[in-house]
Amino acid sequence: YYFDRNPSLFRYVLNFYYTGKLHVMEELCVFSFCQEIEYWGINELFIDSCCSNRYQERKEENHEKDWDQKSHDVSTDSSFEESSLFEKELEKFDTQRFGQLRKKIWIRMENPAHCLSAKLIAISSLSVVLASIVAMCVHSMS
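So the sequence shown is numbered by my numbering: it starts at 519 and just counts up by one.
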């Protein structure tokens, strides 16, 4: 099992669970920090008073860059590495024959949360797998 989260932030998360106070990492951008604490289920209200003002200032600086929209769009893939890998995968389709169609199919197969049709594909795929398991069990019993 590969745990694809920012390892340098984990110390702060662990410290938060020990002390109940969260400190902001200087080297991590506000956007990434917010995504990471969102992943760990930590609310911004737990940021300690020594870091709160600086965090809010940095957040307001990035607010003009449509920070809230970015946070909402990328929150499904909460790490920067995952989103950059996803973008690299999508770029492969740009040069291929029927690239746009292949890209749409790939997104629906890889990301069930993308849209309703992707959810239906995932449910039907899971149903087929479960049906085959049940059929094998029933067949082996006779």
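Think of the CB as a built atom: it goes at the ideal place given N, C-alpha and C, for glycine as much as any other residue.
Note: Leu540 is bridge-paired with Ile565 in the DSSP secondary-structure output. Sequence-distant partners of Asn629 (beyond 5 residues in either direction) whose C-beta falls short of 7 Å from its own C-beta, in its chain, are Ala636. In the assembly as shown, Leu540 is a buried residue. Its beta-carbon has 16 or more other beta-carbons within 10 Å.
Under the three-state reduction of DSSP, Gln618 is assigned to helix. Judged by DSSP in its simplified three-state form, Ile560 adopts coil rather than helix or strand.
Here Glu554 is buried, its C-beta having at least 16 other C-beta atoms within 10 Å.
Burial state of Asn533 is exposed, judged by a 10 Å Cβ sphere holding fewer than 16 other Cβ atoms. Here the region 566 to 580 makes no contact with the region 603 to 614; the two share fewer than three CB pairs at distances below 8 Å. A residue is called buried when at least 16 other Cβ atoms come within 10 angstroms of its Cβ; Phe616 does not meet this threshold and is exposed.
Of the candidates Thr537, Ser526 and Phe564, the residue whose Cα lies closest to the Cα of Glu544 is Ser526. By the criterion of a C-beta distance shorter than 7 Å, Phe551 is surrounded in its chain by Val542 and Met543, once the five residues flanking it on both sides are discounted.
Inter-residue distance for Asn580 and Leu648 is about 47 Å (C-alpha atoms, whole angstroms).
Membership of His657 in the alpha helix (DSSP H) is indicated by the continuous run Leu634 to Met659.
Ranked by Cα distance from Trp558, the options Cys569, Arg529 and Glu578 are led by Arg529.
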